[in-house]
Amino acid sequence: GIQVEQSPPDLILQEGANSTLRCNFSDSVNNLQWFHQNPWGQLINLFYIPSGTKQNGRLSATTVATERYSLLYISSSQTTDSGVYFCAAGDTGNQFYFGTGTSLTVIP
Amino acid sequence: EPEVTQTPSHQVTQMGQEVILRCVPISNHLYFYWYRQILGQKVEFLVSFYNNEISEKSEIFDDQFSVERPDGSNFTLKIRSTKLEDSAMYFCASSGGSSGRSTETQYFGPGTRLLVL
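Heads up: the protein sequence lines correspond to chains P and V, in order.
Taking the working numbering, the leading residue of the first sequence gets 2, the next gets one more, and so forth.
Taking the working numbering, the leading residue of the second sequence gets 186, the next gets one more, and so forth.
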């Protein structure tokens with residue numbers, strides 16, 4: 002299956018700061034999603050982005066499929082952004098392969 | 186906005202007991218999935234289901250697990266004889282698959298936290 006690596010594993014930010022989270026994947030993908038896992042354990046969809054760039058408010062994501070990586074940008078971070086961010090990739094099958102996540106803490 | 190729902194939110198069971206976790210996928214979706222997340226670890230794929238049969242399963246999904254779509258709305262995961270190591274958060278997900286492929290956004294439910302004692 003696809004190997005998905007995320008970096009950094011942990012990140013601490015001051016409120017208002019910007020950050021970039023990275024997701025590398027080992028093979029070509031047909032599906033890539035970013036999720037935010039909140040403190041209650043819920044997985045919140047952020048982006049479906051197998052290629053290209055998308056923006057949603059303070060968040061944006063870019064996937065360069067040919068180079069096998071995706072980036073999640075968080076601008077003007079807020080304490081509510083805290084949690085774990087997961088990248089998940091899928092190939093031609095139905096499985097999603099999750100990375101180990103980036104744990105983000107935003108301090109006021 | 187349509188969402189995937191799961192019941193119960195929490196379940197505590199004794200080792201060796203059977204549990205059934207229930208999910209209601211988004212109504213017009215065609216692909217259904219179960220994942221699990223052991224505390225502090227990454228989310229792991231268990232099984233995908235399409236057209237009333239399993240389309241793919243991982244090594245984790247052994248004979249103690251089964252899935253069923255008993256009616257037009259529910260999708261269930263049964264664990265026949267629970268073990269301590271089955272303690273985890275179990276997520277159900279669904280995707281549209283209108284293109285005939287599952288390469289569309291997967292929407293996750295809120296999860297069922299299973300504790301096996």
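Note that the Cβ used here is the ideal one computed from N, Cα and C, for glycine as well.
Bear in mind the structure is a predicted one, so any value in this text is a computation, not a measurement.
Under the rule that 16 or more other beta-carbon atoms within 10 Å means buried, what is D11 of chain P, buried or exposed?
Within the first sequence, numbered from 1, the residue matching residue 11 of chain P stands at position 10. With fewer than 16 other Cβ atoms within 10 Å, it is exposed.
Worksheet item: Quick one: Cα of S61 of chain P to Cα of G201 of chain V, how far?
Response: On the first sequence, position 60 is the one that residue 61 of chain P refers to. On the second sequence, position 16 is the one that residue 201 of chain V refers to. Straight-line Cα distance between these residues: approximately 46 Å.
Margin query: Given a cut-off of 8 Å on the beta-carbon distance, is the pair Q196 of chain V and T297 of chain V in contact?
Written below: Translated into positions along the second sequence, residue 196 of chain V becomes position 11. Translated into positions along the second sequence, residue 297 of chain V becomes position 112. For Q196 of chain V and T297 of chain V, yes; Cβs fall inside 8 Å.
At a CB-CB cut-off below 7 Å, which residues of chain V make contact with G58 of chain P? Translated into the one-based positions of the first sequence, residue 58 of chain P becomes position 57. Here the premise fails: no neighbours, minimum Cβ distance about 16 Å.
| Contact set for E68 of chain P: own chain, Cβ-Cβ below 6 Å, skip 5 residues either direction | Counted from its first residue, the first sequence places residue 68 of chain P at position 67. Taken in chain order, the list of residues that qualify is empty.
query: Taking Cβ-Cβ distances below 7 Å as the criterion, which residues of the region 23-41 of chain P are in contact with chain V?
result: N31, N32, Q34
Inset, instruction - Quick one: which residues of the region 47-72 of chain P get their C-beta closer than 7 Å to a C-beta of chain V? List them in chain order. - result: Y49
Next on the checklist: Contact defined as beta carbons within less than 8 Å: I believe N13 of chain P pairs with T106 of chain P. What is the distance between those atoms, to the nearest angstrom?
Outcome noted: Translated into positions along the first sequence, residue 13 of chain P becomes position 12. Translated into positions along the first sequence, residue 106 of chain P becomes position 105. For the record, residue 13 of chain P in the displayed sequence is Ile; it is not Asn. The Cβ separation is near 5 Å, so the contact holds.
Classify I205 of chain V: buried if its beta carbon has 16 or more other beta carbons within 10 angstroms, exposed otherwise.
The residue given as residue 205 of chain V occupies position 20 in the second sequence. Answer is exposed; the Cβ neighbour count stays below 16.
* To do: For the region 72-81 of chain P and the region 211-230 of chain V, state whether three or more C-beta atom pairs, one from each stretch, are separated by less than 8 Å.
  => no
Going by alpha carbons, who is nearest to T64 of chain P out of P:Q96, P:A18, P:S29, P:N19?
Residue mapping note: residue 64 of chain P aligns to position 63 of the first sequence, counting from 1. Minimum Cα distance to T64 of chain P is reached at P:S29.
| query | Can the beta-carbon of S240 of chain V be found closer than 8 Å to that of E229 of chain V? | reply | Here residue 240 of chain V refers to the residue found at position 55 of the second sequence. Here residue 229 of chain V refers to the residue found at position 44 of the second sequence. Against a cut-off of 8 Å, the Cβ pair of E229 of chain V and S240 of chain V comes out as no contact.
message = I need the boundaries of the beta strand (DSSP E) containing D11 of chain P, first residue and last residue.
response = Here residue 11 of chain P is taken as the residue at index 10 of the first sequence, counted from 1. Taken as a continuous stretch (DSSP letters only), the beta strand (DSSP E) holding D11 of chain P covers 11-15.
Quick one: using the 10 Å Cβ neighbour count with 16 as the cut-off for buried, is N32 of chain P buried or exposed?
-> Taking the first residue of the first sequence as position 1, residue 32 of chain P is located at position 31. Its Cβ being crowded by 16 or more others within 10 Å, N32 of chain P is buried.
Requested in this report: May I ask you to report which of helix, strand or coil DSSP gives A278 of chain V?
Outcome: Position 93 of the second sequence, counted from the first residue, corresponds to residue 278 of chain V. DSSP places A278 of chain V in strand when its eight states are reduced to three.
Exercise. Kindly indicate which three-state DSSP category L206 of chain V falls into: helix, strand or coil?
Key: Within the second sequence, residue 206 of chain V is the residue found at index 21, counting from 1. Residue state, collapsed to three classes: strand.
- Check the DSSP bridge columns for R23 of chain P and list the partner residues they point to. As a working mapping, residue 23 of chain P is identified with position 22 in the first sequence. In the DSSP output, where bridge partners are listed per residue, R23 of chain P has P:S8, P:L72.
Figure out for me which residue from V:L215, V:Y275, V:E186, V:T290 has the closest Cα to the Cα of Q43 of chain P.
Here residue 43 of chain P is taken as the residue at index 42 of the first sequence, counted from 1. Cα-wise, what sits closest to Q43 of chain P is V:Y275.
Report task. Give the interface partners of G296 of chain V over in chain P, defined as CB-CB distance under 8 Å, in chain order. Result -> Sequence index remark: in the second sequence, residue 296 of chain V carries index 111 (1-based). Ordered by position in chain P, the residues that pass the 8 Å Cβ test against G296 of chain V are G42, Q43, L44.
Write down the C-beta distance between E203 of chain V and K263 of chain V rounded to the nearest angstrom, noting that I regard them as a contact closer than 8 Å.
Locating residue 203 of chain V in the second sequence gives position 18, where the first residue counts as 1. Locating residue 263 of chain V in the second sequence gives position 78, where the first residue counts as 1. The Cβ separation is near 7 Å, so the contact holds.
**Item:** Rounded straight-line distance, which links the Cα of R207 of chain V to that of C277 of chain V
**Value:** Locating residue 277 of chain V in the second sequence gives position 92, counting from the first residue. Locating residue 207 of chain V in the second sequence gives position 22, counting from the first residue. Straight-line Cα distance between these residues: approximately 8 Å.
| query | By Cβ distance below 6 Å, which residues in the same chain neighbour A18 of chain P in space, the five residues on each side in sequence not counted? | reply | Against the first sequence, residue 18 of chain P aligns to sequence position 17. Within the same chain, A18 of chain P has close Cβ partners S78.
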